[in-house]
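Asks: Would you mind keeping the following structure in view while I ask a few things?
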Amino acid sequence: MSDVTVTLPDGSELSVPEESSVEDVAYEIGPGLGSDTVAGVVDGDLVDKAEEVADGDRLVIVTEGSDEYLQVLRHSAAHVFAQALQRRHPEAELTIGPPTDEGFYYDVAGVDLDESDLDEIEAEMAEIIEADYDIERVERSWETAFDIYADNEYKQEILETEAADEETVSFYVQDDWQDLCRGPHVDSTGDIGAVKLLNVSSSYWRGDEENDTLTRVHGTAFESEDDLDEFIERREEAKERDHRKIGTEMDLFSVPDHSPGCVHFHPDGMAIRRELEEYIREKNDELGYDEVWTPELNKAELWKPTGHYDTFTESGEMFNWEQDDTEYGLKPMNCANHAHVYDSDTHSYRDLPIRLSEFGTCYRNEQSGELSGLFRVRGFTQDDGHAFIHPEQIKEEIRGTLGVVRDIYGDFGFDISYKLETRGDDAVGSEEIWANATDALKAALESEGLEYDIEAGEAAFYGPKIGIDAHDAIGREWTVGTVQLDFNIPRRLDLTYVGEDNEEHHPVMVHRALLGTFERFMGIMIEHFKGNFPTWLAPEQVRILPISEDQLGYAHRIKNELDGFRVEVDDRDWTIGRKIRAGHDDRVPYMLVVGGDEAEAGTVSVRDRFEDEADDVDPERFRDHLATEVESRTLDPDFVD
RNA sequence: GCCGGAGUAGCUCAGCUGGCAGAGCGAUUCCUUCGUAAGGAAUAGGCCGGGGGUUCAAAUCCCCCCUCCGGCUCCA
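Using our numbering, the final residue of the first sequence is 642, and nothing's skipped along the way.
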């Protein structure tokens, strides 16, 4: 009998008899590992421990301590849900129920569920877990499986597609219930420590809107109740940070019913946006951009040669209409306008790079169901910019931009990661052009020593893209800035510069946005800071709290001394305790308490949002500190340390 | 756009088995002049998302539309 050889995570190789299972290999390594084995990862795929290994497989044994264990456990929790559901609603048809990053879901058909049904299903799940049924993998013939699902077209479709070539398929059986499933699963239902059903929503069969609508129940599972509690706390935390809630509380913006997807910035929200704009102007200056402004309203023909018109009208995303026998539209991107600014004059290779920036307001008709607060809108303003360069300048241009991007996200306290998005189905231009552009972006990333993930097929239609993901205070990732390289639009618009050879050449366009859009970035910041903006961004930087009416005059004198900062005097007829409470609720970084003592001594009492206090402070010293703190864009108020 | 849920005072929400539209916070006024996370009282504030219908009577029941929320699909 011949052997097969598998490679273990430490790089060592192990020869085992043919037809050995993952579990057999584990026993071969050691009896302890063997008995602890839950599943395996073969060449990156999670498989059942009964799966046979093949020659050359890279194998990882999954035990309770493995990262993959939670995934296995959640998959089993999905089964427990499905069993519980069918105990209560025997008519329910099962489709698929995979684990996800956050837990699991199961898509079901033939049953009406709403959130109020979840409690009883959860109780049924608890009983199944309590009963600690063994979970057994059973191989059945394809035909038997097909008969079992005589009344379930979805499972039949799975058998006819994914398992079409299989003689036998695996079922997982617990108690009197079974499900067609590849696994792997935990050994028994009792291994699932804690489960919770989260919500009921809907989905399409196989994610296609042409298909049947299914009911999707989301849930999660953990090894212990403590882990579940922690998860629920994190969810509560995310809810507390919701920018829509905080935006309303702080009166930063609104998206009224008459303007779906179009944000109204209120004075305090606009104060933040102005700071952001000034900040980005500084960065654009640093990068050598010249600011322009171009119109939102143009004839549709503007976007035809660039390819925007086709791309955006096909997806229904472009706002356009007939007016006086002419088709007009609102710009979905700024590139075409900037290209025309470039093209309004002739350029020598000596002039390049020519860099144009704009806080450009664009409109896209996002599907109504997609709209969400500041994150998904129809009208948005990009901190956009286009650099027109010649090919030798690509690497330096991209590197310079990435360097500034890194500075920017550091200033906000975000960690960032990079992804390289490559040619998609809607791409214009030749494969060769794309390959060159993609290689150039790779080279720039690599020369900066930056790690990146490749997202195949995700690029914009005109060129490959470096996407910048910001990681916020509670570990979520958001795509913010982008740097894209474009050889296509300059050709399509016949943009030129005169080279050293006195011939005309097409420039290369770098499209880039540093924050992405002000709307989305503001939303991300609100959630990241939980509304507690750094002093330089805070709409109200300092609030002066007079102890009694007698100090109102003094309070206003202090306010005048802080001219140039955003300062308010709380002149309400309230006790000092209540004013402090309100100051904290309103997330003001600094409160200056002024009573009789301070007025007499010419000082202030400083209290920051961390409840740190300093008495007998010289107002001038506070002002100087405030100026430094704002100037250096310090993240947390640090006058009192 | 699709599926499900929701829309009542500036905000958070109760009322919805049809019968005078409510509470807390906030706002205004008065009392209090107060020392580091909510002092007291009074008053104002509503097209019950919009339109149509059923009914003696609709916030409440029915239909259509709008908007939001959770998902799907899509994306900066």
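Even for Gly, the Cβ is constructed at its ideal location relative to N, Cα and C.
In terms of residues, what are the limits of the alpha helix (DSSP H) holding K531?
Replies: Where K531 is concerned, there is no enclosing alpha helix (DSSP H), given that its DSSP letter is neither H nor E.
Asks: How would you write the range of the beta strand (DSSP E) that L202 sits in, first residue to last?
Replies: At residue 202 the sequence reads Ser, which differs from the Leu that was named. It spans 195-205 - the beta strand (DSSP E) in which S202 sits, taken as one unbroken run.
Asks: With a threshold of 6 Å on Cβ separation, who are the neighbours of D385 within its own chain once the five nearest residues in sequence on each side are excluded?
Replies: Result list for D385: N335, E359, G361, A514, in chain order.
Asks: By how many angstroms is the C-alpha of D135 removed from the C-alpha of I193?
Replies: Computed Cα separation, rounded: 12 Å.
Asks: So what does S255 bridge to, in DSSP terms?
Replies: Paired residue(s): H265.
Asks: Per DSSP, what are the beta-bridge partners of Q552 in this structure?
Replies: DSSP, once it has assigned bridges, lists no residue as partnering Q552.
Asks: Please work out which residues of its chain come closer than 7 Å, Cβ to Cβ, to K443, disregarding the five sequence neighbours upstream and downstream, and give them in chain order.
Replies: The residues are L421.
Asks: Would E398 and A388 qualify as a contact pair, given that the criterion is a beta-carbon distance under 8 Å?
Replies: For E398 and A388, yes; Cβs fall inside 8 Å.
Asks: What residues are listed by DSSP as bridge partners for C363?
Replies: For C363, which the question treats as bridged, DSSP gives the partners F381.
Asks: Just verifying my parser: in three-state terms, what is the DSSP assignment at G104?
Replies: Coil, per DSSP.
Asks: Going by DSSP in three states, W294 sits in which element: helix, strand or coil?
Replies: Note: W294 maps to coil in three-state DSSP.
Asks: Assuming P547 and V595 make a contact with CB atoms under 8 Å, what is their CB distance in whole Å?
Replies: Indeed they touch by this definition, with Cβ atoms about 5 Å apart.
Asks: Is the beta carbon of T402 closer than 8 Å to that of V509?
Replies: No, Cβ-Cβ distance for V509 and T402 is not below 8 Å.
Asks: Cβ of G464 within 8 Å of Cβ of T480?
Replies: Contact flag unset, no.
Asks: Per DSSP, which one or two residues make a beta bridge with F172?
Replies: Answer is V139, L181.
Asks: Report the option in G317, V378, D102, E433 whose CA atom is closest to the CA atom of D68.
Replies: Considering only alpha carbons, the answer is D102.
Asks: Of the choices L288, A195, S203, I159, whose alpha-carbon is the least far from that of C182?
Replies: Measuring from the Cα of C182, the nearest candidate turns out to be I159.
Asks: CB-CB under 6 Å to L149, same chain, minus the five flanking residues each way: which ones, in chain order?
Replies: Checking the sequence, you will find Ile at residue 149 rather than Leu. Cβ neighbours of I149 beyond the five flanking positions: none.
Asks: Evaluate the contact criterion for the stretch 548-557 versus the stretch 520-535: three or more CB pairs, one atom per stretch, below 8 Å.
Replies: As far as the Cβ criterion goes, the stretch 548-557 does not touch the stretch 520-535, which means the pair count is below three.
Asks: When the distance is taken between beta carbons, is V342 closer than 8 Å to L357?
Replies: Yes, they are a contact pair.
Asks: Which runs of the beta strand (DSSP E), 3 residues or longer, sit entirely within the stretch 383-440?
Replies: Here the runs fully enclosed are 416-422.
Asks: Who pairs with A40 in a beta bridge, going by DSSP?
Replies: A40 is bridged to D49, V63.
Asks: Would you give the residue range spanned by the alpha helix (DSSP H) that A615 belongs to?
Replies: Run containing A615: none in the alpha helix (DSSP H); it sits in the beta strand (DSSP E), 614-618.
Asks: What's the C-alpha gap between G450 and V570?
Replies: So the two alpha carbons sit approximately 50 Å from each other.
Asks: Could you have a look at D113 and say whether DSSP puts it in helix, strand or coil?
Replies: Three-state DSSP puts D113 in coil, outside helix and strand.
Asks: Work out the CA separation of F147 and Q157 for me, nearest whole Å.
Replies: Between Q157 and F147, the C-alpha separation is close to 6 Å.
Asks: Answer yes or no: do G425 and G458 have a C-beta to C-beta separation smaller than 8 Å?
Replies: Result yes, Cβ atoms of G425 and G458 sit closer than 8 Å.
Asks: My parser needs the alpha helix (DSSP H) runs of 4 or more residues fully inside the stretch 476-543; what are they?
Replies: With a minimum length of 4 residues, the continuous alpha helix (DSSP H) runs that stay inside the stretch 476-543 are 489-493, 519-530.
Asks: Check the C-beta distance from F462 over to D495 and give it rounded, since I have them as a contact under 8 Å.
Replies: Not quite, the Cβ-Cβ distance comes to about 19 Å (not below 8 Å), so this is no contact.
Asks: At the level of alpha carbons, what is the spacing between H90 and F82?
Replies: One C-alpha to the other measures close to 12 Å.
Asks: Is W575 helix, strand or coil by DSSP?
Replies: In the structure shown, W575 sits in coil (DSSP, three-state: anything other than H, G, I, E or B).
Asks: Please give the ranges of any alpha helix (DSSP H) in the stretch 215-254, keeping only runs that are unbroken, at least 4 residues long and fully inside the region.
Replies: Segments of the alpha helix (DSSP H) lying fully in the stretch 215-254: 226-242, 244-250.
Asks: To the nearest angstrom, how far is it from the Cα of E24 to the Cα of E447?
Replies: Each residue's alpha carbon lies about 41 Å from the other.
Asks: Quickly, what does DSSP pair G468 with across the bridge? List them, please.
Replies: In DSSP, G468 forms a bridge with K420, T483.
Asks: Taking the straight line between their C-alpha atoms, what separation do you get for D46 and I62?
Replies: Rounded to whole angstroms, D46 to I62 spans 12 Å at the Cα level.
Asks: Within the chosen definition, does the stretch 365-374 reach the stretch 299-312 through at least 3 CB pairs nearer than 8 Å?
Replies: The stretch 365-374 vs the stretch 299-312: no contact.
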